[in-house]
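Visitor: Each protein sequence line maps, in turn, to chains V and L. Under this note's numbering, the first residue of the first sequence is numbered 1, with each subsequent residue one higher. Under this note's numbering, the first residue of the second sequence is numbered 336, with each subsequent residue one higher. For every residue, glycine included, the Cβ atom is placed at its ideal position computed from N, Cα and C. Bear in mind that the values here come from a model prediction, so they are computed numbers and not experimental data. Once you've had a glance at the structure underneath, I'll fire off some questions.
Number of protein chains: 2
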Amino acid sequence: MDKKIATIQDVARAAGVSIATVSRTLSKPSVVSKATQTSVLQAVADTGYRINTTASNLRRQRTGSVIALVPNLANPFFSQILAGLSSVLTDVGFGLLIADTQSGTDPDERLAHYLASGMADGLILFDGTLSQAVLERPRPLPVIMACEWMPGSLPSITADNRAGAEMAVDHLVAFGHRTIGYIAGPVGNVLNIARQEAFVESLTKHSLRVQPDWIFEGDFSMDAGAAAARRWMAMTNKPTALFCASDEMAVGFIGEVQHLGAKVPDDVSVVGFDNIEVGKHITPALTTIRQPRNRIGKRAAQLLLDMISASSISGPSEVVDIEFISRASVAHPAS
Amino acid sequence: MDKKIATIQDVARAAGVSIATVSRTLSKPSVVSKATQTSVLQAVADTGYRINTTASNLRRQRTGSVIALVPNLANPFFSQILAGLSSVLTDVGFGLLIADTQSGTDPDERLAHYLASGMADGLILFDGTLSQAVLERPRPLPVIMACEWMPGSLPSITADNRAGAEMAVDHLVAFGHRTIGYIAGPVGNVLNIARQEAFVESLTKHSLRVQPDWIFEGDFSMDAGAAAARRWMAMTNKPTALFCASDEMAVGFIGEVQHLGAKVPDDVSVVGFDNIEVGKHITPALTTIRQPRNRIGKRAAQLLLDMISASSISGPSEVVDIEFISRASVAHPAS
DNA sequence: GCATTCTTTGTAAACGTTTACAAGAATTTT
DNA sequence: AAAATTCTTGTAAACGTTTACAAAGAATGC
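Below you can see the structure in the form of structure tokens.
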């Protein structure tokens with residue numbers, strides 16, 4: 001536990017050069033002569049030197065880490081994204097700090113705290129419901145939004161939610177459905193708004209009416225899907241198909257419908273959104289729209305790193321492609 | 336982006352004291368007079384000072400973060416645990432670094448790397464398959480294992496896996512099952528070994544035989560559960576019940592059995608392990624054993640922080656309680 | 001051969017804290 | 001009232017890097 005660790009001093013001594021030369025060899029080798037380089041590298045190997053990132057960061061006036069703010073860490077939707085983030089960041093020696101916006105008391109205050117804390121060089125925000133005011137220019141840090149976004153002009157990496165919703169409706173209509181409902185995400189959530197708007201527009205495109213009570217409120221969770229199922233069962237004038245704003249709700253809906261004795265897709269067809277892993281393993285396997293979560297994580301990290309090295313608080317936005325996955329939860333409506 | 340941030344110097348100037356006094360007021364107020372304290376705190380408020388953790392860590396010879404090494408970040412099983420970890424750590428100003436052991440090439444090498452990197456003050460290891468050799472004393476860092484464990488004497492926080500397996504078997508036997516199979520986790524995985532051993536012992540306790548081909552190999556994943564289902568369907572002499580080493584496998588098994596036309600629990604009863612969220616929403620709802628994942632995360636963080644502040648590489652081990660959750664995936668065997 | 005440029009290296013000053021030590025002030029003890 | 005003790009504060013030296021600047025040597029141009 002107390003084994004002395006070699007510092008740049010030890011390396012310099014071993015190589016017979018100054019510490020400046022060691023530092024340069026490691027960070028900007030182009031200005032160091034070939035001969036010196038090899039002797040320094042040899043000394044590094046001999047001493048087992050590893051750079052002290054804390055000291056390096058202090059001197060370079062950076063922290064070497066970024067913060068990811070997720071609305072709910074316990075939600076498995078984020079696992080893959082974090083994996084993507086983590087892989088890119090560790091490659092370049094950055095640390096990933098993770099915090100939950102909803103776990104404490106005031107989410108906005110937490111965001112402000114992390115922005116001002118100086119704990120990180122950048123921030124990845126997965127929660128579009130936070131106050132834009134906190135993020136108004138001048139921001140102390142580069143911030144990128146992922147999955148969700150905000151009215152302002154924050155850089156973001158998002159999926160094509162509207163296209164996804166349109167694919168879902170087209171698919172259901174192609175199967176002959178004329179009465180299609182929607183299980184919504186949280187009110188005000190941008191993902192939900194985009195998906196719902198595109199849902200409505202797609203229905204209109206097919207000359208279908210949008211029946212207000214066929215829009216079920218929800219919050220992306222399985223429990224919300226189950227609640228929607230109970231309401232659906234109780235309706236006299238049921239839609240024959242439902243597009244769910246998240247796979248979790250689709251799974252919850254299907255489960256509860258089945259618990260209550262109805263059949264999917266015989267009695268009702270269901271399309272989800274996200275392609276969470278379990279979708280393929282439930283019965284019936286869930287038809288859904290895939291979001292490349294790992295890629296979203298990787299790109300978000302990449303774009304943020306770009307902003308950090310350019311020390312710019314603005315940057316590009318990207319939209320990643322989505323993919324329709326047809327499985328078994330959609331069938332022709334029972335005449 | 337370039338707004339000057341106040342340093343301890345600015346605070347000292349504003350309060351009319353030395354930087355040492357400011358530092359003491361903030362970290363060890365007991366040695367500072369009441370009057371000075373208030374003026375310093377006022378100055379802190381006025382200047383908007385926030386301590387620079389990098390500098391503090393450098394001086395205190397620590398990093399202020401801990402690394403969590405998980406076998407597979409994309410596995411939602413870890414979400415809740417990470418949430419628990421994160422909440423405890425951020426409370427005390429520690430950062431949480433997350434890395435995937437399986438994503439790179441050589442997992443052992445990655446472990447060694449993180450141990451020696453000096454990037455963290457402690458390490459939480461969720462992967463019991465790594466080389467113990469790397470972790471042999473003297474370790475450069477405090478390390479705690481969570482969920483899984485190792486033959487050595489590393490501190491750990493684990494669930495009572497044996498009790499869980501016993502509960503599962505007792506439950507199935509109470510329903511009249513005499514032919515019970517097991518869907519296993521990865522060979523050599525300690526969780527799997529504990530659960531499987533306790534499974535076998537519990538069967539013996541009930542004077543039941545353990546049929547070798549009723550032990551299905553698996554790796555905790557849904558796909559492995561599905562694969563086991565295909566093998567089960569093809570057997571002539573099927574067990575009437577299965578205990579799965581993970582909920583994921585149970586979900587995969589149930590899904591595939593259903594896709595192939597059999598019924599759960601009519602044709603086969605299933606018990607899982609972990610209580611992942613989806614278990615309650617599939618049909619039939621999954622009978623399982625709950626592990627308090629959030630608590631595991633929190634306690635792991637707490638124990639590790641204790642070791643760090645005691646600068647000790649040894650510490651206590653804890654076993655958290657589990658809970659049997661009876662739902663609908665178990666029924667009496669079809670005579 | 002001298003002036004100019006380019007390469008390579010070293011010196012030393014940061015970066016923003018914490019803390020051992022010393023010293024002055026205030027309090028208590030005799 | 002002096003001595004001894006306790007409180008409170010400041011001075012200054014770390015912690016391990018990076019990098020502006022200067023200097024020395026080598027190469028080039030005339």
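If V:Val330 sits next to V:Ser246, beta carbons under 8 Å apart, how far is it from one beta carbon to the other, in whole angstroms?
Guide: Contact flag wrong, Cβ pair sits at about 17 Å.
Visitor: Using three-state DSSP, classify L:Asp435 as helix, strand or coil.
Guide: Of the three classes helix, strand and coil, the one that applies to L:Asp435 here is strand, per DSSP.
Visitor: So, does the CB of V:Ala112 fall closer than 8 Å to a CB anywhere in chain L?
Guide: So no, V:Ala112 is outside the interface.
Visitor: Judging by CA-CA distance, which residue of L:Val522, L:Phe461, L:Thr440 and L:Asp495 is the nearest neighbour of L:Leu489?
Guide: It is L:Phe461 whose Cα lies nearest to the Cα of L:Leu489.
Visitor: Note down the Cα distance separating L:Glu658 from L:Asp609, rounded to an integer number of angstroms.
Guide: Distance between the alpha carbons of L:Glu658 and L:Asp609 is about 10 Å.
Visitor: Nearest by alpha-carbon distance to L:Ile416: which of L:Val508, L:Arg628, L:Arg474 and L:Met642 is it?
Guide: Comparing Cα-Cα distances from L:Ile416 to each of L:Val508, L:Arg628, L:Arg474 and L:Met642, the minimum goes to L:Arg628.
Visitor: Identify whether L:Glu612 lies in helix, strand or coil by the three-state DSSP scheme.
Guide: Residue state, collapsed to three classes: helix.
Visitor: Determine, using beta carbons only, whether L:Leu465 and L:Thr493 come nearer to each other than 8 Å.
Guide: No, they are not a contact pair.
Visitor: Per DSSP, what kind of secondary structure is L:Gly632 in: helix, strand or coil?
Guide: Here L:Gly632 sits in helix by DSSP.
Visitor: Determine the contact status of V:Leu85 and V:Ile51, defining contact as a CB-CB distance below 8 Å.
Guide: Contact: no.
Visitor: Establish whether the CB of V:Met1 and some CB of chain L are separated by less than 8 Å.
Guide: Residue confidence for V:Met1 is low, a pLDDT of 41 falling below 50, so the modelled location carries little weight; the figure read from the coordinates is stated next. By this cut-off, V:Met1 is an interface position.
Visitor: Please report the straight-line C-alpha distance between V:Met1 and L:Gly463, rounded to a whole angstrom.
Guide: Low local confidence applies: a pLDDT of 41 at V:Met1 is under 50, so the model's placement there is unreliable, and no value is given.
Visitor: I'd like the span of the alpha helix (DSSP H) that includes L:Met557, first residue to last.
Guide: L:Met557 -> alpha helix (DSSP H) spans Met557 to Ala569.
Visitor: How about L:Leu417: is its C-beta nearer than 8 Å to some C-beta of chain V?
Guide: So, interface residue.
Visitor: Of all the beta strand (DSSP E) runs that stay within the bounds of the stretch 57 to 84 of chain V, which reach a length of 3 or more residues?
Guide: If we require 3 residues or more, the beta strand (DSSP E) runs fully inside the stretch 57 to 84 of chain V come out as 65 to 70.
Visitor: So that I know if they touch, is there some Cβ in chain V lying closer than 8 Å to that of L:Val613?
Guide: Yes, contact with chain V.
Visitor: What are the residues in the stretch 83 to 98 of chain V lying within 8 Å of chain L by C-beta distance?
Guide: So the list reads Ala83, Ser86, Ser87, Thr90, Gly95, Leu96, Leu97 and Ile98, given in the order they occur along the chain.
Visitor: Using the Cα positions of V:Leu58 and V:Val200, report the straight-line distance between them to the nearest angstrom.
Guide: One C-alpha to the other measures close to 53 Å.
Visitor: Shorter than 8 Å from the beta carbon of V:Asp127 to some beta carbon of chain L?
Guide: No, its Cβ sits nowhere closer than 8 Å to a Cβ of chain L.
Visitor: Can you name the start and end residues of the alpha helix (DSSP H) that L:Tyr449 belongs to?
Guide: Here the alpha helix (DSSP H) through L:Tyr449 covers Pro442 to Ala451.
Visitor: Closest Cβ-Cβ distance between L:Asn671 and chain V: below 8 Å?
Guide: No statement about residue 671 of chain L is possible, as the shown extent of chain L runs from 336 to 670 and does not include it.
Visitor: Contact check, L:Asn572 vs L:Arg530 under 8 Å by CB: the rounded distance?
Guide: That belief does not hold up - the Cβ atoms of L:Asn572 and L:Arg530 are roughly 23 Å apart, past 8 Å.
Visitor: Does V:Val22 get closer than 8 Å to chain L when you measure Cβ to Cβ?
Guide: It does not: the Cβ of V:Val22 has no partner Cβ on chain L nearer than 8 Å.
Visitor: Decide if the stretch 546 to 561 of chain L is in contact with the stretch 475 to 491 of chain L; the criterion is three or more beta carbon pairs, one per stretch, under 8 Å apart.
Guide: With a cut-off of 8 Å, the stretch 475 to 491 of chain L and the stretch 546 to 561 of chain L do not count as touching, because too few Cβ pairs lie within range.
Visitor: Thinking C-beta only, is V:Leu304 closer than 8 Å to V:Val66?
Guide: Yes; because the gap between Cβ atoms is below 8 Å, this pair is in contact.
Visitor: Helix, strand or coil: how does DSSP classify L:Ser374 here?
Guide: Helix at L:Ser374.
Visitor: Is there a Cβ from chain L that is less than 8 Å from the Cβ of V:Ser103?
Guide: Yes, V:Ser103 lies at the interface with chain L (some Cβ there is under 8 Å from its Cβ).
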